[in-house]
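Mapping the sequence shown onto full-length UniProt numbering, position 27 (from 1) lands on 27, and the numbers just tick up by one. Cβ coordinates follow ideal geometry from the N, Cα and C atoms, glycine included. Note that the coordinates shown come from a computational prediction; the quantities given were computed from them, not determined experimentally.
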Amino acid sequence: MVNYKARIKRKRLDEYAGEAFRDENAAIVKHLNNAGKKALFGIQQADGMYTIVGEDTVYYLSPSGKFGEIPLGDFLKLLKDHAYRLGRTGVFDFLPIDDSEQVWLKDARTMSVMWGIMSLLDDFNNGK
1 MVNYKARIKR KRLDEYAGEA FRDENAAIVK HLNNAGKKAL FGIQQADGMY TIVGEDTVYY
61 LSPSGKFGEI PLGDFLKLLK DHAYRLGRTG VFDFLPIDDS EQVWLKDART MSVMWGIMSL
121 LDDFNNGK
């Protein structure tokens, strides 16, 4: 497994995400892992909405209350397409995943750091 924890620390994800940051000791990450998922880290709002990165999947609770999961590579493609549409000055608080659902990203800085770590995990999973 790639050392994502070092990347979190080096890129200061915990600092940028602030109170929303969740690591392997967080209740939501433990809950997902107890349910057979491979959750690693992510963000969660006080109201429970979350985006948690796993070894090969992104797990989320959307604003509408929908629980879901998206393969890491597919999530990265959606994120890339969304970033291209919005450009550098866009608001990156949510990522639309279909016509009715979206995943919380918090803000551009948090999204950018998470994107880099997810890319590292995806490259590792694909043998790059």
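When burial is assigned at 16 or more other CB atoms within 10 Å of the CB, is residue i buried or exposed?
i: Leu105; result: buried
i: Tyr50; result: buried
i: Leu16; result: One point to set straight first is that residue 16 is Tyr, not Leu, in the sequence displayed. Buried, by the Cβ-count rule.
i: His31; result: exposed
i: Leu95; result: buried
i: Val113; result: buried
i: Glu87; result: Per the sequence presented here, residue 87 reads as Gly, with Glu not at that position. So Gly87 counts as exposed.
i: Ala39; result: buried
i: Gly127; result: exposed
i: Gly48; result: exposed
Excluding five sequence neighbours on each side, which residues of the same chain lie with their C-beta closer than 8 angstroms to the C-beta of residue i?
i: Gln45; result: Ala20, Trp104
i: Glu101; result: Ser62, Ser64, Lys66, Gly68
i: Thr110; result: Leu13, Tyr16, Ala17, Ala20, Ile43
i: Leu120; result: Val2, Tyr4, Arg7
Can you give me the Cβ contacts of residue i inside the same chain, cut-off strictly under 6 angstroms, excluding the 5 residues immediately before and after it?
i: Gly68; result: Tyr60
Pick helix, strand or coil for residue i, following the three-state DSSP scheme.
i: Leu105; result: coil
i: Phe92; result: coil
i: Arg22; result: strand
i: residue 129; result: No answer is possible for residue 129: the residues shown for the chain start at 1 and end at 128.
i: Lys128; result: coil
i: residue 166; result: Any property of residue 166 remains undetermined from this structure, which presents the chain solely from 1 to 128.
Counting only the same chain and skipping the five closest in sequence on each side, list residues whose C-beta sits under 7 angstroms from that of residue i.
i: Thr84; result: Sequence check: residue 84 is Tyr here, not Thr. Hits under 7 angstroms: none found.
i: Ile28; result: Arg22, Gln44, Tyr50, Ile52
i: Ala108; result: Phe92
### Query
In the region 25-104, which residue ranges form an unbroken beta strand (DSSP E) of at least 3 residues, counting only runs that do not cross its ends?
39-44, 50-54, 57-61, 67-71, 94-96, 102-104
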